[in-house]
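Trainee: First residue of the sequence shown: 3, per the working numbering; consecutive thereafter. We put the beta carbon where it would ideally sit given N, CA and C, even for glycine. It should be emphasised that the depicted structure is a prediction, and the values quoted were computed from it without experimental measurement. Pasting in a structure now, in structure tokens, and then I'll have a few things to ask.
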Amino acid sequence: MAQLSDLDIANQSTLQPINEIAKAAGIPESALEPYGHYKAKIDINQIKGNDKKGKVVLVTAMSPTPAGEGKSTVTVGLSDAFHALKKNVMVALREPALGPTFGIKGGATGGGYAQVLPMEDINLHFNGDFHAITTANNALSAFIDNHIHQGNALGIDQRRIEWKRVLDMNDRALRSVVVGLGGPTKGVPREDGFNITVASEIMAILCLATDIKDLKERFARITIGYTRDRKPVTVADLEVQGALAMIMKDAIKPNLVQSIEGTPALVHGGPFANIAHGCNSVLATQTARELADIVVTEAGFGSDLGAEKFIDIKSRAADFEPSAVVVVATIRALKMHGGVAKDDLKEENVEAVKKGIVNLERHVDNVRKYGLEPVIALNAFVHDTDAETEFVKEWAKEHGVRLALTEVWEKGGQGGIDLANQVLEVIDQPQEFKRLYDLDLSIEEKIEKIVTEIYGGKSVSFSSKAKKQLQRFKENGWDNYPVCMAKTQYSFSDDASQLGAPEDFEITIRELEAKTGAGFIVALTGAIMTMPGLPKKPAALNMDVTDDGHAVGLF
3 MAQLSDLDIA NQSTLQPINE IAKAAGIPES ALEPYGHYKA KIDINQIKGN DKKGKVVLVT
63 AMSPTPAGEG KSTVTVGLSD AFHALKKNVM VALREPALGP TFGIKGGATG GGYAQVLPME
123 DINLHFNGDF HAITTANNAL SAFIDNHIHQ GNALGIDQRR IEWKRVLDMN DRALRSVVVG
183 LGGPTKGVPR EDGFNITVAS EIMAILCLAT DIKDLKERFA RITIGYTRDR KPVTVADLEV
243 QGALAMIMKD AIKPNLVQSI EGTPALVHGG PFANIAHGCN SVLATQTARE LADIVVTEAG
303 FGSDLGAEKF IDIKSRAADF EPSAVVVVAT IRALKMHGGV AKDDLKEENV EAVKKGIVNL
363 ERHVDNVRKY GLEPVIALNA FVHDTDAETE FVKEWAKEHG VRLALTEVWE KGGQGGIDLA
423 NQVLEVIDQP QEFKRLYDLD LSIEEKIEKI VTEIYGGKSV SFSSKAKKQL QRFKENGWDN
483 YPVCMAKTQY SFSDDASQLG APEDFEITIR ELEAKTGAGF IVALTGAIMT MPGLPKKPAA
543 LNMDVTDDGH AVGLF
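Below, the structure is given as structure tokens:
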């Protein structure tokens, strides 16, 4: 019998009406704005504040590989396990981006029997949030070009415009473009480019704003470029922050859906973790904390990217601490970090697991650097052998690390009961939480701390362009922002081919970007791209729609 796909499992699941999910979560009817039968937005102004906020469980992972780790699957499965244990729980996730969905990884709503639903809708257009973000971003581009065309009263230097247009698609052909060609009636010619929507500052602001007022104030602070004498030009100078906020007035509301097992889920925002801060919205997380005793959320890729940014950017901005951290690992990924090719992963290879476990060890150490005690979720796959699994269990025991064999893909919440119980033990323990760096350090010092203490590198070098930007940012008073590293997710270094736990490497910062609306500095390393491309055989080749309008091929 053929194995059911994630989409098959999702289609065979019975969903509860969204008003029932809302009622069970304690969301008043006045706060619910249904989008059909099984989706809704939440008016956060109608949620009554609680003195006691729910505890946050952060799910991160070892460095990802093409073999897959299942971080979102474990996140959903863990919340279902808490639900099965009769805990008051909600899960808070990011929205999938269309570009990667059509590219390599397909859908992003969990997998197997640990999914959030309706899977088709969430993976495609959902409730229109990404369209609103794209529209707001490109409206600002139009306002900038119109201002220049209409006389350029602000003296914007068209050679120094930092703001780019965006598209929710992997489209390498748009990385560098020229706009305004065709004569005086077509605008003023200048170089431009596109980022993917999830890398935009509008997305980051949506995910860090605490309400409409904060959203508008953050929009006003966006630096769109510089004048001819190198002075920053902001959205406030253009006086369009109100228009941008109006476009985003519905997108700012968190989206309510459900897991296969009926666990309430808030899915909102979706910044990339390798080029943005990689966490769902502060509003969704904080709303979930108002409603539930436990909030399970995830941050993109490994602890070196998503988790570091969750702790040093998101939770700092929102002023809360994670109470527990789960690190997802698989035998398959350990073997790849131990040098095994993807096509050979079905073969038992304990030696490769031993070699690759250095990657997991560094991620565990990273979590402990924040004063938090990790729990490893060893996500089971069908070809894992007893000898391979037993080695990882013994390694965890020797290193004093909690580990739970997790089978949520196959068994849903019941496959995560051991993990849930171990997380509950950690939540109840006192922890000595601390962030990696203080904001009063210089940008260079913050970057060096991340590289040496989280990545395991020995030093940082700055290009001549980055050095000039550091000086300008300091002169503009932007030195006290946290840093958002843009780095390959596949390696601790800035070289994607360096698997395992490389040491004594140097990270090169080729360029810096000041995201003054979001409130962080982006440091671009290696060959990282803010507009991805599609692979030779994109996932789109396997996608279709049936005659009755149902999606096919969303994994």
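Can you tell me which of the three DSSP states Met205 falls into?
Mentor: For the purposes of this step, residue 205 is taken as the residue at position 203 of the sequence shown. Of the three classes helix, strand and coil, the one that applies to Met205 here is helix, per DSSP.
Trainee: Just to confirm, are Val369 and His401 a CB contact at a threshold of 9 Å?
Mentor: Translated into the one-based positions of the sequence shown, residue 369 becomes position 367. Translated into the one-based positions of the sequence shown, residue 401 becomes position 399. Against a cut-off of 9 Å, the Cβ pair of His401 and Val369 comes out as no contact.
Trainee: Could you check where the beta strand (DSSP E) with Asn368 kicks off and where it finishes?
Mentor: The residue you call residue 368 lines up with position 366 of the sequence shown. Looking at the DSSP string, Asn368 is not in any beta strand (DSSP E); the run it does join, the alpha helix (DSSP H), is 352–371.
Trainee: Quick check: the region 209–220 against the region 518–529, are there 3 or more CB pairs under 8 Å?
Mentor: yes
Trainee: Determine the direct distance from the alpha carbon of Ser317 to that of Met3, and round the result to whole angstroms.
Mentor: On the sequence shown, position 1 is the one that residue 3 refers to. On the sequence shown, position 315 is the one that residue 317 refers to. Reliability fails at Met3, whose pLDDT of 46 lies under 50, so the model's placement of it is uncertain and the value that follows must be treated cautiously. Met3 and Ser317: Cα-Cα distance of roughly 46 Å.
Trainee: With distances taken Cα to Cα, identify the nearest neighbour of Ala335 among Asp10, Gly272, Thr67.
Mentor: Numbered from 1 along the sequence shown, position 333 holds the residue referred to as residue 335. Considering only alpha carbons, the answer is Thr67.
Trainee: Taking the CB atoms as reference points, tell me whether Ile226 and Ile277 lie closer together than 9 Å.
Mentor: As a working note, residue 226 is residue 224 in the sequence shown. As a working note, residue 277 is residue 275 in the sequence shown. It is not a contact, given that the beta carbons lie outside the stated cut-off.
Trainee: On the DSSP letters alone, give me the boundaries of the alpha helix (DSSP H) that Glu508 sits inside.
Mentor: Within the sequence shown, residue 508 is the residue found at index 506, counting from 1. Note, Glu508: premise wrong, no alpha helix (DSSP H); beta strand (DSSP E) at 508–517.
Trainee: Leaving aside the five residues before and after Pro376 along the sequence, list all residues of the same chain whose C-beta is less than 6 Å from its C-beta, in chain order.
Mentor: The residue labelled residue 376 in the question sits at position 374 within the sequence shown. Same-chain partners within the cutoff: Val327, Val329, Val366, Val369.
Trainee: Kindly indicate which residue of Gly153, Thr199, Asp216, Val180 has the alpha-carbon position closest to the one of Asp173.
Mentor: Translated into the one-based positions of the sequence shown, residue 173 becomes position 171. Among Gly153, Thr199, Asp216, Val180, the Cα nearest to that of Asp173 is on Thr199.
Trainee: So for Gly113, helix, strand or coil by DSSP?
Mentor: Working through the sequence shown from its first residue, we reach residue 113 at position 111. DSSP places Gly113 in strand when its eight states are reduced to three.
Trainee: With three or more beta-carbon pairs closer than 8 Å as the criterion, would you say the region 530–537 touches the region 94–113?
Mentor: yes
Trainee: For Phe48, count neighbouring C-beta atoms within 10 Å of its own C-beta (all shown protein chains included) and say buried if the count is 16 or more, exposed if not.
Mentor: Position 46 of the sequence shown, counting from 1, holds the residue named residue 48. At residue 48 the sequence reads Gln, which differs from the Phe that was named. The residue in question, Gln48, is exposed, as its Cβ has fewer than 16 Cβ neighbours within 10 Å.
Trainee: Quick check on Arg232: buried or exposed, where buried means 16 or more other Cβ atoms within 10 Å of its Cβ?
Mentor: Locating residue 232 in the sequence shown gives position 230, counting from the first residue. It is exposed - the Cβ of Arg232 has fewer than 16 other Cβ atoms within 10 Å.
Trainee: In three-state terms, what does DSSP make of Met3?
Mentor: Residue numbering aside, residue 3 sits at position 1 when the sequence shown is read from its first letter. Only weak support is given to the placement of Met3: the predicted model assigns it a pLDDT of 46, under 50, and the value that follows is read from those uncertain coordinates. In the structure shown, Met3 sits in coil (DSSP, three-state: anything other than H, G, I, E or B).
Trainee: Please classify Val91 as buried or exposed, where buried requires at least 16 neighbouring CB atoms within 10 angstroms.
Mentor: The residue you call residue 91 lines up with position 89 of the sequence shown. The residue is buried, with at least 16 neighbouring Cβ atoms inside 10 Å.
Trainee: Assuming Val179 and Pro191 are in contact, meaning their beta carbons sit under 8 Å apart, how far apart are those beta carbons, in whole angstroms?
Mentor: Residue 179 sits at position 177 when you count from the first residue of the sequence shown. Residue 191 sits at position 189 when you count from the first residue of the sequence shown. Contact doesn't hold; Cβ gap of about 11 Å is too wide.
Trainee: Please check the pair Val298 and Leu472, which I expect to be a contact at CB under 8 Å, by giving their CB distance rounded to whole angstroms.
Mentor: Indexing the sequence shown from 1 puts residue 298 at position 296. Indexing the sequence shown from 1 puts residue 472 at position 470. Contact doesn't hold; Cβ gap of about 38 Å is too wide.
Trainee: Enumerate in chain order the residues of its own chain whose CB-to-CB distance from Tyr228 is below 7 Å, with the five nearest sequence positions on each side excluded.
Mentor: Reading the sequence shown from its first residue, position 226 is the one you call residue 228. Cβ within range, chain order: Asp159, Arg162, Pro234, Val235.
Trainee: With a cut-off of 8 Å, do at least 3 Cβ pairs link the region 387–397 to the region 277–295?
Mentor: Output reads no: the region 277–295 does not touch the region 387–397.
Trainee: Given Ile224, which residues of its chain have a CB within under 7 Å of its CB, disregarding the five upstream and five downstream residues?
Mentor: The count along the sequence shown starts at 1 and reaches residue 224 at position 222. For Ile224, where only same-chain residues beyond five positions count, the Cβ hits under 7 Å are Glu203, Thr236, Val237, Thr518, Gly519.
Trainee: Determine the direct distance from the alpha carbon of Asn257 to that of Glu31, and round the result to whole angstroms.
Mentor: Counted from its first residue, the sequence shown places residue 31 at position 29. Counted from its first residue, the sequence shown places residue 257 at position 255. Rounded to the nearest angstrom, the two C-alpha atoms are 15 Å apart.
Trainee: Taking all protein chains shown into account, decide if Phe475 is buried (16 or more other Cβ within 10 angstroms of its Cβ) or exposed.
Mentor: As a working note, residue 475 is residue 473 in the sequence shown. With 16 or more other CB atoms across the displayed protein chains lying within 10 angstroms of its CB, Phe475 is buried.
Trainee: Could you check which residue in Asp442, Asp420, Leu556, Phe507 has the C-alpha nearest to that of Phe84?
Mentor: If you number the sequence shown from 1, residue 84 lands on position 82. Looking at the Cα atoms, Asp420 is the closest of the given residues.
Trainee: Go to Asn125, then tell me how far its alpha helix (DSSP H) extends in each direction, as first and last residue.
Mentor: The count along the sequence shown starts at 1 and reaches residue 125 at position 123. Its alpha helix (DSSP H) spans residues 121–125.
Trainee: So, is Asp147 buried or exposed, given that buried needs 16 or more other C-beta atoms within 10 angstroms?
Mentor: For the purposes of this step, residue 147 is taken as residue 145 along the sequence shown, with counting starting at 1. Buried, because 16 or more other Cβ atoms sit within 10 Å of the Cβ of Asp147.
Trainee: Would you give the residue range spanned by the alpha helix (DSSP H) that Thr289 belongs to?
Mentor: Counting from one through the sequence shown, the residue named residue 289 turns up at place 287. Looking at the DSSP string, the run of the alpha helix (DSSP H) that includes Thr289 is 284–293.
Trainee: Based on the DSSP secondary-structure assignment, which residues constitute the bridge partners of Ser466?
Mentor: Within the sequence shown, residue 466 is the residue found at index 464, counting from 1. Looking at the DSSP assignment, Ser466 forms no beta bridge with any residue, so it has no partner.
Trainee: Out of Glu513, Thr75, Tyr492, Gly70, which has the shortest C-alpha to C-alpha gap to Asp306?
Mentor: The sequence position of residue 306 within the sequence shown is 304, counting from 1. When only C-alpha atoms are compared, the closest one is Tyr492.
Trainee: Using only alpha-carbon positions, find the residue among Met531, Leu514, Asn482, Lys470 that is nearest to Ala498.
Mentor: Position 496 of the sequence shown holds residue 498. Checked all of Met531, Leu514, Asn482, Lys470; the closest Cα to Ala498 is Met531.
Trainee: How about Asp442 and Asn482: are their beta carbons less than 9 Å apart?
Mentor: Walking along the sequence shown from the start, residue 442 turns up at place 440. Walking along the sequence shown from the start, residue 482 turns up at place 480. Closer than 9 Å, so yes.
Trainee: Quick one: Cα of Lys166 to Cα of Leu210, how far?
Mentor: Along the sequence shown, read from residue 1 onward, the residue named residue 166 stands at position 164. Along the sequence shown, read from residue 1 onward, the residue named residue 210 stands at position 208. The straight-line gap from Cα to Cα measures roughly 20 Å.
Trainee: Sorted by chain position, which residues of the same chain lie with C-beta nearer than 6 Å to Ala525's C-beta, five sequence neighbours on each side aside?
Mentor: Here residue 525 refers to the residue found at position 523 of the sequence shown. Within the same chain, Ala525 has close Cβ partners Ile449, Val485, Met487, Ile511, Leu514.
Trainee: Closer than 7 Å by C-beta to His151: which residues in its own chain qualify, once you throw out the five before and the five after it? Chain order, please.
Mentor: Mapped onto the sequence shown, residue 151 falls at position 149. Result list for His151: Gly189, Val190, in chain order.
Trainee: So for Lys344, helix, strand or coil by DSSP?
Mentor: The count along the sequence shown starts at 1 and reaches residue 344 at position 342. DSSP places Lys344 in helix when its eight states are reduced to three.
Trainee: Contact check, Ile509 vs Tyr457 under 8 Å by CB: the rounded distance?
Mentor: For this step, residue 509 is matched to residue 507 along the sequence shown. For this step, residue 457 is matched to residue 455 along the sequence shown. Their Cβ separation, rounded to whole angstroms, is 7 Å, which keeps Ile509 and Tyr457 in contact under 8 Å.
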